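Enquirer:
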Amino acid sequence: MEQLLIPNPSRHDVVTFKILVDGAAINPAYQVLSLSITKEINRIPAAKIIIRDGEAADMNFEISNSNDFVPGKKITIETGLDGDNSQAFKGIIIRHAVKVKENGNTELLIECRDEAVRMTIGRHSRYYENIKDNRLFDELIGRYSGLQSDTAETKLTHKELVQHHLSDWDFMLLRAEANAMLVNVNDGKIKISKPDTSTEPVLQVTYGSSVLEFEAEIDARHQWKNVKASSWDYANQQLFQADISEASGFAQHGNLTGVQLAEAINLSAYEMRHSGHAIEQELQDWVNGIM
Numbered sequence: 046m047e048q049l050l051i052p053n054p055s056r057h058d059v060v061t062f063k064i065l066v067d068g069a070a071i072n073p074a075y076q077v078l079s080l081s082i083t084k085e086i087n088r089i090p091a092a093k094i095i096i097r098d099g100e101a102a103d104m105n106f107e108i109s110n111s112n113d114f115v116p117g118k119k120i121t122i123e124t125g126l127d128g129d130n131s132q133a134f135k136g137i138i139i140r141h142a143v144k145v146k147e148n149g150n151t152e153l154l155i156e157c158r159d160e161a162v163r164m165t166i167g168r169h170s171r172y173y174e175n176i177k178d179n180r181l182f183d184e185l186i187g188r189y190s191g192l193q194s195d196t197a198e199t200k201l202t203h204k205e206l207v208q209h210h211l212s213d214w215d216f217m218l219l220r221a222e223a224n225a226m227l228v229n230v231n232d233g234k235i236k237i238s239k240p241d242t243s244t245e246p247v248l249q250v251t252y253g254s255s256v257l258e259f260e261a262e263i264d265a266r267h268q269w270k271n272v273k274a275s276s277w278d279y280a281n282q283q284l285f286q287a288d289i290s291e292a293s294g295f296a297q298h299g300n301l302t303g304v305q306l307a308e309a310i311n312l313s314a315y316e317m318r319h320s321g322h323a324i325e326q327e328l329q330d331w332v333n334g335i336m
């Protein structure tokens with residue numbers, strides 16, 4: 046049965062929030078002008094807070110000059126209805142800025158990131174031997190205190206893997222893509238697994254009754270008839286390949302299939318070449334991820 050309205054158990058339908066810095070709620074007298082939270086697959090979650098601050102007569106930004114929003118402090122944001130709030134974001138403050146606008150309005154801008162942001166800072170070169178990708182993910186995440194890993198099992202054991210002048214975050218994304226897996230970060234917990242399109246929906250929204258804003262698109266440039274990868278077997282002096290013509294284990298929703306979309310560009314095959322020596326299973330995982 047089609048659900049026209051989103052279930053709402055609140056009595057007064059008043060949106061409420063709570064901001065805690067180092068475990069303590071901020072001064073309720075602070076005027077929060079804007080609060081936004083962004084969470085995306087393969088991205089570091091972010092939060093942005095804009096607070097009214099600054100008094101020209103006093104030549105002072107009182108809130109900015111206090112110790113409340115010093116970069117590096119831990120921050121938690123809770124949201125809900127009628128004061129029944131639940132945690133929506135947890136991370137650290139990374140950017141603190143003040144702004145004086147032409148119209149005289151003054152603001153304090155606070156930008157926050159999930160603690161996984163530490164994985165994006167700095168480039169490293171390391172060498173790994175006899176390791177599965179899921180163990181590699183655990184090792185990369187385990188280098189940073191406060192982060193937890195939840196990684197799905199991978200099959201292939203690599204004799205060697207090289208991380209060259211690359212951040213731990215970027216290296217993790219590359220290896221996840223090579224295994225057709227997605228990285229989902231939420232409040233310090235990093236989950237790496239293949240997308241599961243067979244699960245039941247957690248919420249139904251309906252255009253015309255419960256949708257305030259929505260955007261969706263189909264781009265045929267990213268859909269191919271066939272994906273091929275090749276590598277050179279230097280021991281036997283021959284080329285070997287892996288290919289795939291349709292994503293497996295993935296439910297395709299809507300009235301257009303990937304095969305139909307691929308006809309728009311009509312590229313016979315999307316070709317990739319591995320410059321080193323990759324075994325067939327590794328190549329197959331790679332093409333599966335690209336498809």
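Remember, the numbering used here sits 45 above the position in the sequence shown when you count from 1. Note that the Cβ used here is the ideal one computed from N, Cα and C, for glycine as well. Computed from a predicted structure; not experimentally measured.
So who's on the other strand from I166, going by DSSP bridges?
Expert: The residue you call residue 166 lines up with position 121 of the sequence shown. Paired residue(s): none; I166 is not in a bridge.
Enquirer: From A296 to P116, what distance separates their C-alpha atoms?
Expert: If you number the sequence shown from 1, residue 296 lands on position 251. If you number the sequence shown from 1, residue 116 lands on position 71. Spanning the two alpha carbons is a distance of roughly 43 angstroms.
Enquirer: Name the residue from G167, I137, R180 and E156 whose alpha carbon lies nearest to the alpha carbon of G191.
Expert: Taking the sequence shown and counting its residues from 1, the one referred to as residue 191 is at position 146. Of the listed residues, the one whose Cα sits closest to G191 is I137.
Enquirer: For the alpha helix (DSSP H) that R220 lies in, which residues bound it at each end?
Expert: Numbered from 1 along the sequence shown, position 175 holds the residue referred to as residue 220. Taken as a continuous stretch (DSSP letters only), the alpha helix (DSSP H) holding R220 covers D213 to A223.
Enquirer: Where are the beta strand (DSSP E) runs, 3 residues long or more, that stay fully inside the segment 249-327, in chain order?
Expert: Runs found: 272-278, 283-289 and 315-318.
Enquirer: Do the segment 315-335 and the segment 220-227 touch if we need at least three Cβ pairs shorter than 8 angstroms?
Expert: yes
Enquirer: What residue does the alpha helix (DSSP H) around R56 start on, and which one ends it?
Expert: Indexing the sequence shown from 1 puts residue 56 at position 11. Counting along the chain, R56 falls outside any alpha helix (DSSP H), and DSSP gives it neither H nor E.
Enquirer: Which residue from T151, S276 and D215 puts its Cα closest to that of L78?
Expert: Taking the sequence shown and counting its residues from 1, the one referred to as residue 78 is at position 33. For the residues T151, S276 and D215, the minimum Cα distance to L78 belongs to T151.
Enquirer: List the residues that DSSP assigns as beta-bridge partners of R97.
Expert: Mapped onto the sequence shown, residue 97 falls at position 52. In the DSSP output, where bridge partners are listed per residue, R97 has E152.
Enquirer: Do the CB positions of V162 and I89 come within less than 8 angstroms of each other?
Expert: Stepping through the sequence shown from its first residue, residue 162 is reached at position 117. Stepping through the sequence shown from its first residue, residue 89 is reached at position 44. Going by C-beta atoms, V162 is nearer than 8 angstroms to I89.
Enquirer: Using 8 angstroms for Cβ pairs, my map puts Q208 next to R171. What's the rounded Cβ distance?
Expert: Walking along the sequence shown from the start, residue 208 turns up at place 163. Walking along the sequence shown from the start, residue 171 turns up at place 126. 5 angstroms between Cβ atoms; contact.
Enquirer: With H, G and I counted as helix, E and B as strand and the rest as coil, what does DSSP make of R188?
Expert: The residue labelled residue 188 in the question sits at position 143 within the sequence shown. Reduced to three states, the DSSP call for R188 is coil.
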